[in-house]
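Which chain is which? The protein sequence lines are A and B, in order. Here the working numbering is used: the first residue of the first sequence is 10, the next is one more, and so on. Here the working numbering is used: the first residue of the second sequence is 1052, the next is one more, and so on. What follows is a single structure, written as structure tokens, with notes after it.
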Amino acid sequence: MTDTTNITFYERVEEALQNTQARGAFDRATKRFTALRATAFTSLPAAGDLTRDRARAIRAETLSHLDRYLAQFADAVATAGGQVHWAADAAEANRIIGEIAQVNHVQRVVKSKSMVSEEIHLNHALEALGCEVIESDLGEYIIQLAGETPSHIITPVIHKTKEQVGEILRDKINMPLTHEVTEMTAFVRMKMREIFLTADMGISGVNFGVAETGTIVTVTNEGNGRMTTTCPRIHVAVMGIERLVPTLDDLSVMLQVLARSATGQKLSVYTNLITGPRRAHEPDGPDELHVVLIDNGRSKVLGTEVAEILYCIRCGACLNACPVYREIGGHAYGSVYPGPIGSVVTPALYGVALWSDLPHASSLCGACREVCPVRIDLPGLLLKLRHQTAAAGKTPKYLQVGLRAFRWAGTRPALFHLGMKFASWGSRLIASRGWIKRLPGPLSHWTQSRDFPAFAKESFSAQLKKRRRESGIEGQP
Amino acid sequence: MTTREETLTRIRQALQTGRLPVATPNDRPATLTPESDRAARLALFVREAQANGSEVFQPATLDDVVEMLHELMKQAGQQAITWPDEDLPLPNIREILFRAGVTRHVPNLPTEAALRRQTWENLDGIRVGITGTLAGVADTGSIVVQSGRHRSRAASLLPETHIALLPIERLYPSLQAFFAAHSPQELTQNSSNLVFITGPSRTADIEMIITRGVHGPKRLCVILLPPVGLAA
């Protein structure tokens, strides 16, 4: 989970802002997703408001009785013939999955997209045991070939152009160079088909677990989720302990908001419900199903004032809506979970001390809360974490000094007005056509990536006084 | 203590202090999609299925079905992975497939690793899959496919073209209506896989350009069967 480099958040942001091509891609993709999402919700009664209320209520109910639903789910998985494993942290999860691989002499592992497996660095753990691990989601596969990390929860390779993808496929799997996306897709289909049919183990994530039946649900558009959970002899499903819903009926509510929020589809192409391994009378499917329930900090978060973040269903809508994410993309956050959700989840799981910058990576505009399918109060949670960073003495130095100076001047009206006059006069002196390209001294950071507007000639309070005088209303405002 | 007990204990302790708000308490009934009559439901299904890239056929006679299958098979070779007769919802399916020139494969995967691999590789070359359906969902244009005795997952997954037979009376207005009409037991007890298929396999991972047939079928052909049965 933790970023292994020592680069600070602000340095990563600087780097991200230099990459104009990726910025353009983030901007286009996120705006398009946002528009598709809005259209998709119009087909629900009250534009989906009722369904989102219901989805939130289901998540609140689940988390409020998580102990009960988790026990019920685990028992139901076992009744259906699956094996349940409990992992307190990443190391235990990796050890469990590694043992399953070794006991079964697994050489080749095929994976369909799973955030939690990235959180625990599962691929590295299995590779260290000598397994070959291949990601099967097209975007994840390209990312894996390039040796990079995903930049978006739903479309991990959104930061690359098709020309760059063509070059990666040529260099890594000898595909003749092409800029045609259909040709790339066809080539990867052929390549990946052989991998699916020869893999010894398939590892999938879990979008939802259904407590009443022990069903696990994986949602994909490409079909890699179905291939991963059907072809290999062993299926290992990894899931965070919070990913439950009580019943199949509840599931149907969550499904109505998940795909709409993620990609603007009414339902993803393959909404795949798996209950236990292949039955004796069934012609295909895996002979063994292992469900690995991973805590890794979640039970700790559940006891805090930001527990609400566990309602999240990982749709990615808040990333697309966020004006900060749109500019800097996923890598700058330095965490597996980017965007507004990541800015809460990452410090909540791993401590504000290590991730004190992320709660500040937001303008608190509230766009994320507007689109959240389970109405998580993301700005409210970010503020709570900011309080925690301040309490831990983690407020950046420049903010501490700046705010202290502002408080000092702001409580001295005469001085404040004089300061405003100087600022107004000075700013207009260095501005050209009302905009300042470079602010002086420590303020120059602000203008590194954007312009600053010159102050108005007259301050608001001066204008107000003047208007009142002219209209004959006297006295203090 | 086992990890299970430890985890559940940690959760119980956390629930004493955690803040888990519901902003808008909501006890409204779960059915949120308006009911519709059969004709409207059919029209909605056809529209939504076509919008998600499925091809929808509404044959009038048995001969239409034969001709259509014949046409589809001609493009894709004569081999097909199919479900057994009793799971394909047409009374004289054996004869229909025979007349359409279909060579059928009803797979059964061995558990032994090498044999299993060999069987997969044999099935992989087959370009058509023919299945029945448990249901259709009108407001999403989805078909519901359930695995079971001789009902392979492979038939709806491996080939480039998936042909699904859907009797019109199995259409439900919404996902919730579908779940309300089926008990959890009948959906999960004797079957390891229930899949809602909403169009052909697709991706938009590269520059958000939509491309079909990444890992699953490139074409999904839904054949709607009228409740009165087809004329001979």
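We put the CB at the ideal spot given by N, CA and C, even for glycine.
query: Alpha carbon to alpha carbon, what distance is there between residue 358 of chain A and residue 193 of chain A?
result: Taking the first sequence and counting its residues from 1, the one referred to as residue 193 of chain A is at position 184. Taking the first sequence and counting its residues from 1, the one referred to as residue 358 of chain A is at position 349. Each residue's alpha carbon lies about 38 angstroms from the other.
task: Classify residue 410 of chain A as buried or exposed, calling it buried when 16 or more other Cβ atoms lie within 10 Å of its own Cβ.
output: As a working note, residue 410 of chain A is residue 401 in the first sequence. Flag for residue 410 of chain A reads exposed.
task: Give the residues from the region 278-297 of chain A that approach chain B closer than 7 angstroms (Cβ to any Cβ), ordered along the chain.
output: Going along the region 278-297 of chain A in chain order, one finds 278, 279, 280, 281, 282, 283, 284, 285, 286, 287, 288, 290, 291, 292, 293, 294 and 296 with a Cβ nearer than 7 angstroms to chain B.
- prompt: Which residues bound the beta strand (DSSP E) around residue 90 of chain A?
  reply: Translated into the one-based positions of the first sequence, residue 90 of chain A becomes position 81. Per DSSP, residue 90 of chain A belongs to no beta strand (DSSP E) and is neither H nor E.
query: Quick one: Cα of residue 245 of chain A to Cα of residue 125 of chain A, how far?
result: The count along the first sequence starts at 1 and reaches residue 245 of chain A at position 236. The count along the first sequence starts at 1 and reaches residue 125 of chain A at position 116. Straight-line Cα distance between these residues: approximately 13 angstroms.
- prompt: Which residues mark the beginning and the end of the alpha helix (DSSP H) in which residue 1121 of chain B is found?
  reply: Along the second sequence, one-based indexing puts residue 1121 of chain B at 70. Counting along the chain, the unbroken alpha helix (DSSP H) around residue 1121 of chain B starts and ends at 1113-1127.
- prompt: Rounded to a whole number of angstroms, what is the C-alpha to C-alpha distance between residue 40 of chain A and residue 463 of chain A?
  reply: Counting from 1 along the first sequence, the entry for residue 40 of chain A is found at position 31. Counting from 1 along the first sequence, the entry for residue 463 of chain A is found at position 454. The alpha-carbon atoms of residue 40 of chain A and residue 463 of chain A are separated by roughly 30 angstroms.
- request: For residue 76 of chain A, go through chain B and note every residue whose CB falls closer than 8 angstroms to its CB, in chain order.
  value: Numbered from 1 along the first sequence, position 67 holds the residue referred to as residue 76 of chain A. What residue 76 of chain A touches in chain B: 1059, 1062, 1063 and 1066.
Beta carbon of residue 243 of chain A nearer than 8 angstroms to that of residue 297 of chain A: As a position in the first sequence, residue 243 of chain A is number 234, starting the count at 1. As a position in the first sequence, residue 297 of chain A is number 288, starting the count at 1. Taking a C-beta distance under 8 angstroms as the contact criterion, residue 243 of chain A and residue 297 of chain A qualify as a contact pair.
query: Just how far apart, CA to CA, sit residue 37 of chain A and residue 1175 of chain B?
result: Walking along the first sequence from the start, residue 37 of chain A turns up at place 28. Walking along the second sequence from the start, residue 1175 of chain B turns up at place 124. Cα to Cα, residue 37 of chain A sits roughly 38 angstroms from residue 1175 of chain B.
query: Cα separation between residue 55 of chain A and residue 1198 of chain B?
result: Locating residue 55 of chain A in the first sequence gives position 46, where the first residue counts as 1. Locating residue 1198 of chain B in the second sequence gives position 147, where the first residue counts as 1. A direct Cα-Cα distance of roughly 36 angstroms separates residue 55 of chain A from residue 1198 of chain B.
query: What is the rounded straight-line gap between the Cα of residue 1077 of chain B and the Cα of residue 384 of chain A?
result: Mapped onto the second sequence, residue 1077 of chain B falls at position 26. Mapped onto the first sequence, residue 384 of chain A falls at position 375. Only weak support exists for where residue 1077 of chain B lies, its pLDDT of 49 falling under 50; the coordinates are left without a value.
- prompt: Whose C-alpha, out of A:320, A:446, A:429 and A:468, is nearest the C-alpha of residue 1071 of chain B?
  reply: Along the second sequence, read from residue 1 onward, the residue named residue 1071 of chain B stands at position 20. Among A:320, A:446, A:429 and A:468, the Cα nearest to that of residue 1071 of chain B belongs to A:320.
task: From the DSSP output, in three-state form, read off residue 1077 of chain B for me.
output: Here residue 1077 of chain B corresponds to residue number 26 of the second sequence, with the count starting at 1. Any reading at residue 1077 of chain B must be qualified, since the residue scores a pLDDT of 49, below 50, and its modelled position is unreliable; the value itself is stated next. Of the three classes helix, strand and coil, the one that applies to residue 1077 of chain B here is coil, per DSSP.
- prompt: When the distance is taken between beta carbons, is residue 1127 of chain B closer than 8 angstroms to residue 1237 of chain B?
  reply: In the second sequence, counting from the first residue as 1, residue 1237 of chain B sits at position 186. In the second sequence, counting from the first residue as 1, residue 1127 of chain B sits at position 76. Between residue 1237 of chain B and residue 1127 of chain B, the C-beta gap is not smaller than 8 angstroms, which leaves the two residues out of contact.
message: Bridge partners for residue 247 of chain A per DSSP, in chain order?
response: To locate residue 247 of chain A, count along the first sequence from 1; it is residue 238. According to DSSP, residue 247 of chain A bridges with A:301.
- request: Can you tell me the Cβ-Cβ gap for residue 299 of chain A and residue 107 of chain A, rounded? I've got them flagged as a contact below 8 angstroms.
  value: Position 290 of the first sequence, counted from the start, is the residue given in the question as residue 299 of chain A. Position 98 of the first sequence, counted from the start, is the residue given in the question as residue 107 of chain A. Here residue 299 of chain A is actually not in contact with residue 107 of chain A; their C-beta atoms are around 12 angstroms apart, not less than 8 angstroms.
message: Is it the case that the region 368-386 of chain A contacts the region 409-429 of chain A, given that we only count it when at least three CB pairs across the two stretches are under 8 angstroms?
response: Cβ pair count under 8 angstroms is below three, so no.
field: Minimum C-alpha distance to residue 200 of chain A - residue among A:151, A:218 and A:165
entry: As a first step, residue 200 of chain A is located in the first sequence; it is residue number 191 there, counting from the start. Ranking A:151, A:218 and A:165 by Cα distance to residue 200 of chain A puts A:151 first.
- prompt: Candidates A:127, A:167 and A:163: which alpha carbon is nearest residue 34 of chain A's?
  reply: Reading the first sequence from its first residue, position 25 is the one you call residue 34 of chain A. Taking only the C-alpha atoms, the option nearest residue 34 of chain A is A:167.
query: Listing by chain order, which chain B residues have their CB less than 8 angstroms from the CB of residue 269 of chain A?
result: On the first sequence, position 260 is the one that residue 269 of chain A refers to. Those within 8 angstroms of residue 269 of chain A in chain B number zero; the least Cβ separation is about 10 angstroms.
field: Through-space distance from residue 1138 of chain B to residue 31 of chain A, alpha-carbon basis
entry: Translated into the one-based positions of the first sequence, residue 31 of chain A becomes position 22. Translated into the one-based positions of the second sequence, residue 1138 of chain B becomes position 87. About 50 angstroms.
query: Is the beta carbon of residue 250 of chain A sitting closer than 8 angstroms to the one on residue 302 of chain A?
result: The residue labelled residue 250 of chain A in the question sits at position 241 within the first sequence. The residue labelled residue 302 of chain A in the question sits at position 293 within the first sequence. The answer is yes: Cβ separation under 8 angstroms.
field: Nearest to residue 1104 of chain B (by Cα), restricted to the options B:1088, B:1252, B:1125 and B:1206
entry: For the purposes of this step, residue 1104 of chain B is taken as residue 53 along the second sequence, with counting starting at 1. Closest by C-alpha distance to residue 1104 of chain B, out of B:1088, B:1252, B:1125 and B:1206, is B:1252.
- request: Give every residue of the same chain whose Cβ lies closer than 6 angstroms to the Cβ of residue 433 of chain A, excluding the five residues on either side of it in the sequence, and list them in chain order.
  value: Taking the first residue of the first sequence as position 1, residue 433 of chain A is located at position 424. Apart from sequence neighbours up to five positions away, the residues of its chain that approach residue 433 of chain A with a beta-carbon distance below 6 angstroms are 464, ordered along the chain.
- request: Establish whether the CB of residue 210 of chain A and some CB of chain B are separated by less than 8 angstroms.
  value: As a working note, residue 210 of chain A is residue 201 in the first sequence. It does not; no Cβ of chain B falls within 8 angstroms.
- request: Name, going along the chain, the residues of the region 432-443 of chain A whose beta-carbon falls closer than 8 angstroms to a beta-carbon of chain B.
  value: Listed in sequence order: no entries.
- request: Determine, using beta carbons only, whether residue 1126 of chain B comes closer than 8 angstroms to chain A.
  value: Here residue 1126 of chain B refers to the residue found at position 75 of the second sequence. Not one chain A Cβ lies under 8 angstroms of residue 1126 of chain B.
query: What residues from chain B crowd round residue 166 of chain A, counting only those whose CB sits closer than 8 angstroms?
result: For this step, residue 166 of chain A is matched to residue 157 along the first sequence. Near residue 166 of chain A (Cβ distances below 8 angstroms), the residues of chain B are 1256 and 1257.
Residue burial classification, residue 1088 of chain B (beta-carbon count within 10 angstroms, cutoff 16): In the second sequence, the residue the question calls residue 1088 of chain B occupies position 37. With fewer than 16 Cβ atoms within 10 Å of its Cβ, residue 1088 of chain B is classed as exposed.
- prompt: If contact means a Cβ-Cβ distance below 9 angstroms, which residues of the region 248-265 of chain A contact chain B?
  reply: Those residues of the region 248-265 of chain A placed with their C-beta closer than 9 angstroms to a C-beta in chain B are 250, 256, 257, 258, 259, 260, 261, 262, 264 and 265, ordered along the chain.
task: Taking the CB atoms as reference points, tell me whether residue 221 of chain A and residue 256 of chain A lie closer together than 8 angstroms.
output: By one-based count along the first sequence, residue 221 of chain A stands at place 212. By one-based count along the first sequence, residue 256 of chain A stands at place 247. It is a contact, given that the beta carbons lie within the stated cut-off.
Three-state secondary structure (DSSP) of residue 1272 of chain B: For the purposes of this step, residue 1272 of chain B is identified with residue 221 of the second sequence, where counting begins at 1. In the displayed model, residue 1272 of chain B falls within a strand according to three-state DSSP.
query: Under a three-way DSSP split, which group does residue 1213 of chain B fall into?
result: Position 162 of the second sequence, counted from the first residue, corresponds to residue 1213 of chain B. Assigned with DSSP and collapsed to three states, residue 1213 of chain B falls in strand.
message: Just to confirm before moving on: does the CB-CB distance between residue 1181 of chain B and residue 1156 of chain B stay below 8 angstroms?
response: As a first step, residue 1181 of chain B is located in the second sequence; it is residue number 130 there, counting from the start. As a first step, residue 1156 of chain B is located in the second sequence; it is residue number 105 there, counting from the start. No, the pair does not count as a contact, with Cβ atoms beyond the cut-off.
message: If the cut-off is 9 angstroms on Cβ atoms, which residues from the region 88-108 of chain A count as contacting chain B, listed in chain order?
response: Listed by position, the residues of the region 88-108 of chain A near chain B (Cβ gap below 9 angstroms) are 89, 90, 93, 94, 95, 96, 97 and 101.
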